[in-house]
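Sequence order for the protein chains is A and B. In the working numbering, each residue's number is its place in the first sequence (first place is 1) plus 8. In the working numbering, each residue's number is its place in the second sequence (first place is 1) plus 8. Where is the CB? At the ideal position from N, CA and C, for every residue including glycine. In what follows, a single structure is set out as structure tokens and then discussed.
Protein chains: 2
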Amino acid sequence: MAGRPSIFDEEKVLDKATELFWTRGYEATSLDDLLAVMGLGKSSFYHAFGSKKKLFEQVMDRFSNDATHRLAGDLPTHPRPMERIREFFREIADSGWNKHKKGCFMGNTVVELTNGDRSLCTRAIRRLERMEDLFRHYIGVAQESGELRTKEDPVVLARYLQTMWNGLNITRRMHPDPAALRPLIELQLQILK
Amino acid sequence: MAGRPSIFDEEKVLDKATELFWTRGYEATSLDDLLAVMGLGKSSFYHAFGSKKKLFEQVMDRFSNDATHRLAGDLPTHPRPMERIREFFREIADSGWNKHKKGCFMGNTVVELTNGDRSLCTRAIRRLERMEDLFRHYIGVAQESGELRTKEDPVVLARYLQTMWNGLNITRRMHPDPAALRPLIELQLQILK
DNA sequence: ACTATTTTGTACCAATTAGTACAAAATATA
DNA sequence: TATATTTTGTACTAATTGGTACAAAATAGT
Numbered sequence: 009m010a011g012r013p014s015i016f017d018e019e020k021v022l023d024k025a026t027e028l029f030w031t032r033g034y035e036a037t038s039l040d041d042l043l044a045v046m047g048l049g050k051s052s053f054y055h056a057f058g059s060k061k062k063l064f065e066q067v068m069d070r071f072s073n074d075a076t077h078r079l080a081g082d083l084p085t086h087p088r089p090m091e092r093i094r095e096f097f098r099e100i101a102d103s104g105w106n107k108h109k110k111g112c113f114m115g116n117t118v119v120e121l122t123n124g125d126r127s128l129c130t131r132a133i134r135r136l137e138r139m140e141d142l143f144r145h146y147i148g149v150a151q152e153s154g155e156l157r158t159k160e161d162p163v164v165l166a167r168y169l170q171t172m173w174n175g176l177n178i179t180r181r182m183h184p185d186p187a188a189l190r191p192l193i194e195l196q197l198q199i200l201k
Numbered sequence: 009m010a011g012r013p014s015i016f017d018e019e020k021v022l023d024k025a026t027e028l029f030w031t032r033g034y035e036a037t038s039l040d041d042l043l044a045v046m047g048l049g050k051s052s053f054y055h056a057f058g059s060k061k062k063l064f065e066q067v068m069d070r071f072s073n074d075a076t077h078r079l080a081g082d083l084p085t086h087p088r089p090m091e092r093i094r095e096f097f098r099e100i101a102d103s104g105w106n107k108h109k110k111g112c113f114m115g116n117t118v119v120e121l122t123n124g125d126r127s128l129c130t131r132a133i134r135r136l137e138r139m140e141d142l143f144r145h146y147i148g149v150a151q152e153s154g155e156l157r158t159k160e161d162p163v164v165l166a167r168y169l170q171t172m173w174n175g176l177n178i179t180r181r182m183h184p185d186p187a188a189l190r191p192l193i194e195l196q197l198q199i200l201k
């Protein structure tokens, strides 16, 4: 009750912060850069988000892996979950340079902070593991239903998809070209028979 | 001719700089950190290496991908090149946490600098492409000799190995455990029949 | 011993870093 | 309208960033 009304839309400024952190990483994003794109004064910033690190944590949690979210939303009701997962990977090829250059937010964070801020790095790893868990679950389901004929351990298959995701997010920066990525992805998906 | 003798061994200080850049990345490695581990004064440093960026370039070129070098050395004389490449990947699983945490120097650089210093990023990409070229060449050779039965395009297969390398260098940070990595790598190598 | 040449040490620099102090402004309720 | 509550703007800080100026030190050749 009461108090001066805040002038910004929290969702919008978090989107702006996400975009910046995602493209530049944690350390390379300066506080002043953040304030500029978020349109906040220092006072409002620290009042609302506590610190750069806390904001980053909040942004990570919120982002929580854009891809995972879209995927997790579709899968429970999808008639052929594995086919949905295949589509998820195929979509990578045709996302533009704007996505290619940013790569995977969580993957980037792991690379940047493995030997830096361990708590942030661990947070990123946990998020990636959530995606791996998702893969593993639906691989199991698909094996039961007969959609997948492979007898390989779902744990290993999920780890394979996770590694494929991690790798593509670097390879797509080397070859940001649908024609180069499409056959690569199809080849990788051959494992999921 | 003449001149005060320099007090440091260039190879040794470059090794130190490499280690630091490899673990922390480009931006996160401060000049003072470098001077400390290299055991140089500022004057000597700038006299010998020009700038932080020039040193980084020199270190990249020299490192040029430790792995690629070892590989490129063995392959020309190896009786079964593809088997040597498989071994190259299998070795990843059992390298310790000290290697896991550092990942791939060039891959790290691509991730860090795609939206930062483009010239350094491009340099890293070129180095990775050299590894890809190596794969492609020997895949072609193995297909000719009959060591490889796959009819897949060597270009795509090489890109697949490259992506696998990129991916494993992140996955190994999530699961720095031989028991987790070994079956994953074997699964990935199934493509190379 | 003198000189040209090269390497080194010390002091300095402007810019940027994340973060704080504190009072003024703007609201809801009483 | 007074008050409690919350948000905001301005000014400031101490530390760190990559890099430079310049003279002293150490050598080889004359």
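Under the Cβ distance rule, A:ARG32 counts among the residues neighbouring chain B, one pair being separated by less than 7 Å. With its beta carbon at least 7 Å from every one in chain B, A:GLY81 lies outside the interface.
Residue B:ALA75 holds the alpha-carbon nearest to the alpha-carbon of B:ARG92 among B:ALA75, B:PRO186, B:ASN123 and B:ARG131.
Considering only B:LEU200, B:CYS129 and B:ILE133, the residue with the shortest C-alpha distance to B:GLN151 is B:LEU200. Contact with chain B is found for A:LEU176, since one of that chain's Cβ atoms lies less than 7 Å from the residue's Cβ. Of A:ASN73, A:ARG190 and A:LEU48, the smallest CA-CA separation from A:VAL21 is found for A:LEU48. If one requires a minimum length of 4 residues, the alpha helix (DSSP H) runs lying completely within the region 27-70 of chain B are 39-46 and 50-57, in chain order. Excluding the 5 residues flanking it on each side, B:LYS109 has same chain C-beta neighbours closer than 8 Å at THR31, ARG181 and PRO184, in chain order. CA-to-CA, the gap between B:PRO162 and B:GLY148 works out to about 6 Å.
B:ASN174 is a Cβ neighbour of B:GLY115, given a cutoff of 7 Å. By the CB criterion at 7 Å, A:ALA101 and A:GLU140 fall outside the cutoff. Residues of chain A with a Cβ closer than 8 Å to the Cβ of B:LEU43 do not exist; the shortest Cβ-Cβ separation is about 19 Å. Taking a Cβ-Cβ threshold of 9 Å, the residues of chain B close to A:MET172 are THR171, MET172, GLY175 and GLN196, in chain order. Using a Cβ-Cβ cut-off of 7 Å, B:ARG167 counts as an interface residue toward chain A, since at least one Cβ of chain A sits closer than that to its own. Considering only beta carbons, the part of the region 95-111 of chain A lying closer than 9 Å to chain B consists of HIS108, LYS109, LYS110 and GLY111, in chain order. Using a CB distance cut-off of 7 Å, B:VAL67 does not count as an interface residue toward chain A.
Less than 7 Å divides the Cβ of A:ALA132 from the Cβ of A:VAL118. Shown here, A:ILE178 sits in a helix according to DSSP, grouped into three states.
Between B:ALA56 and B:ARG78, the alpha-carbon positions lie close to 28 Å from each other. Here DSSP, grouped into helix, strand and coil, assigns B:ASP23 to helix. Minimum Cα-Cα distance from A:ASN106 among the listed residues A:PRO13, A:GLU27, A:ILE15 and A:GLU194 corresponds to A:GLU27.
In this structure, A:LEU195 is the residue among A:VAL164, A:GLU35, A:LEU195 and A:GLY58 with its C-alpha nearest to the C-alpha of A:LEU176. A direct Cα-Cα distance of roughly 18 Å separates A:LEU83 from A:LEU197. Counting only residues of its own chain and dropping the five nearest sequence neighbours on each side, A:LEU128 has a CB closer than 6 Å to the CB of LEU121.
Using a Cβ-Cβ cut-off of 9 Å, B:THR76 is close to nothing in chain A; its nearest Cβ partner there is about 15 Å away. Of the candidates B:GLY81, B:LEU43, B:HIS86 and B:PHE113, the residue whose Cα lies closest to the Cα of B:ASP69 is B:PHE113.
Non-local C-beta neighbours of B:LEU63 in its own chain, meaning closer than 7 Å and more than five positions away in sequence, comprise ALA25 and PHE57, ordered along the chain. Exclusion of the five residues before and after A:TYR168 leaves ILE199 as the residues of its chain whose Cβ lies within less than 7 Å of its Cβ. Under the three-state reduction of DSSP, A:ILE199 is assigned to coil, being neither helix nor strand.
Taking CB atoms only, B:GLU91 has no neighbour in chain A less than 7 Å away. Cα atoms of B:GLU19 and B:GLN66: separation of roughly 11 Å, rounded to the nearest angstrom. In this structure B:GLY33 is buried. Its beta-carbon is surrounded by 16 or more other beta-carbon atoms within 10 angstroms. In the three-state scheme derived from DSSP, where H, G and I count as helix and E and B as strand, B:CYS129 is classed as helix. In terms of Cβ geometry, A:LYS60 and A:LEU39 form a close pair [threshold 7 Å].
For B:GLU160, the closest C-alpha among the options A:ASP125, A:PHE143 and A:PRO191 is that of A:PRO191.
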